[in-house]
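To start, the structure itself, in structure tokens.
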Amino acid sequence: MTTTRILAVALDCRQPDLLAEFWEKALGNGKTRTWTDSHGLTYRQIDFADGPALLFQPVPGEKAGKNRLHLDLAPVGRDQRAEVERLVMLGAKVLDDPPDDPWIVLADPEGNEFCVLPPR
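For the record, in the sequence shown the residue sitting at position 118 is 117 according to numbering that gives the first Met the number 0, with numbers rising by one throughout.
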């Protein structure tokens with residue numbers, strides 16, 4: 000019995016517009032909207048038909064340390080290396096490519112880590 004569900008994964012960021020643009024291009028299948036909270040802060044959100052939204056919330060400070068939560072991506076219609084190359088062209092950086100593990104660790108334009116796995 001489900002008692003609750005994940006509505007959104009929130010990413011703190013200095014530039015919500017820039018980061019949302021990267022993830023819009025990286026994921027390519029969501030609808031983006033902008034909204035403002037009661038304190039006048041403007042958020043960007045990518046809504047997906049088949050899962051939780053990605054919410055980009057503005058914060059004043061830079062990212063510090065390793066993410067405690069990260070996204071794992073699996074490419075559709077291309078192999079893992081081609082997907083990594085595409086994401087790097089969009090602004091990601093490769094952080095680690097461990098030879099004995101199936102994932103490649105990247106960072107988005109604000110340094111948030113995520114992994115690219117082989118297609119599923």
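Even for Gly, the Cβ is constructed at its ideal location relative to N, Cα and C.
Residue j beta carbon less than 8 Å from that of residue i
i: L26; j: L18; result: no
i: D107; j: A91; result: yes
i: E109; j: R13; result: yes
i: T35; j: P57; result: no
i: K24; j: L70; result: no
Inter-residue Cα distance where the pair is residue i and residue j
i: N111; j: N66; result: 7 Å
i: K30; j: P98; result: 36 Å
i: A7; j: A48; result: 12 Å
i: G64; j: I45; result: 25 Å
i: D78; j: M0; result: 36 Å
i: K62; j: N28; result: 27 Å
i: T2; j: S37; result: 28 Å
i: V83; j: L53; result: 20 Å
Residue environment, residue i, which counts as buried when at least 16 other CB atoms sit within 10 Å
i: W22; result: buried
i: L105; result: buried
i: I103; result: buried
i: V87; result: exposed
i: L68; result: exposed
Of the listed residues the options, nearest to residue i (C-alpha basis)
i: G60; options: V8, I5 and P15; result: P15
i: D50; options: P101, R119, H38 and R4; result: One point to set straight first is that residue 50 is Gly, not Asp, in the sequence displayed. Of P101, R119, H38 and R4, the residue nearest in Cα terms is R4.
Subject >> Touch test, the region 65 to 79 against the region 103 to 117, Cβ-Cβ under 8 Å, three pairs minimum >> reply: Output reads yes: the region 103 to 117 touches the region 65 to 79.
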